[in-house]
Amino acid sequence: NTALELDIYGNVNSTHVLGTKMMNGIGGSGDFARNARLAIFVTKSIAKGGNISSIVPFVSHVDHTEHDVDVIVTEQGYADLRGLAPRERVELIIENCVHPMYRD
Numbered sequence: 264n265t266a267l268e269l270d271i272y273g274n275v276n277s278t279h280v281l282g283t284k285m286m287n288g289i290g291g292s293g294d295f296a297r298n299a300r301l302a303i304f305v306t307k308s309i310a311k312g313g314n315i316s317s318i319v320p321f322v323s324h325v326d327h328t329e330h331d332v333d334v335i336v337t338e339q340g341y342a343d344l345r346g347l348a349p350r351e352r353v354e355l356i357i358e359n360c361v362h363p364m365y366r367d
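When the count follows our numbering, it moves up by one through the sequence shown with no breaks and lands on 367 for the last residue.
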């Protein structure tokens, strides 16, 4: 599945820009994420030519909760979130998936 943005806890927004402008419909991605053996979400780590991080402290709209997300992938790397506590998720996502310009 593709994400527009995701947060450092693993929640995914795949439908809304800035929480209000609908970019696309969710379709069957919720069913897919909940029923897949492995739910993988992919996004670029940055958008708008590097002016925006796709990984944020809190998503503006939640389509998929952290409980439905197993792996997050960006061009920076991946984070396997299965079985991790929230603090461990935060550290792994920042270390492996966030663009270096936005890690601090």
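From the three backbone atoms N, C-alpha and C, an ideal C-beta is built for every residue, glycine too.
For clarity, every value in this text was computed on a predicted model and none was experimentally measured.
When DSSP states are grouped into helix, strand and coil, Asn-274 belongs to the coil group. The secondary-structure analysis by DSSP pairs His-327 across a beta bridge with Val-275.
Residue environment analysis places His-330 among the exposed positions, since fewer than 16 neighbouring C-beta atoms fall within 10 angstroms of its C-beta.
Judged by DSSP secondary structure, Val-353 falls outside any beta strand (DSSP E) and instead within the alpha helix (DSSP H) spanning 349-359. Classified as exposed, Ala-299 has fewer than 16 neighbouring CB atoms from the shown chains inside 10 Å of its CB. Closest option to Leu-301, judged by alpha-carbon separation, among Glu-351, Pro-349, Leu-344 and Ser-317: Leu-344.
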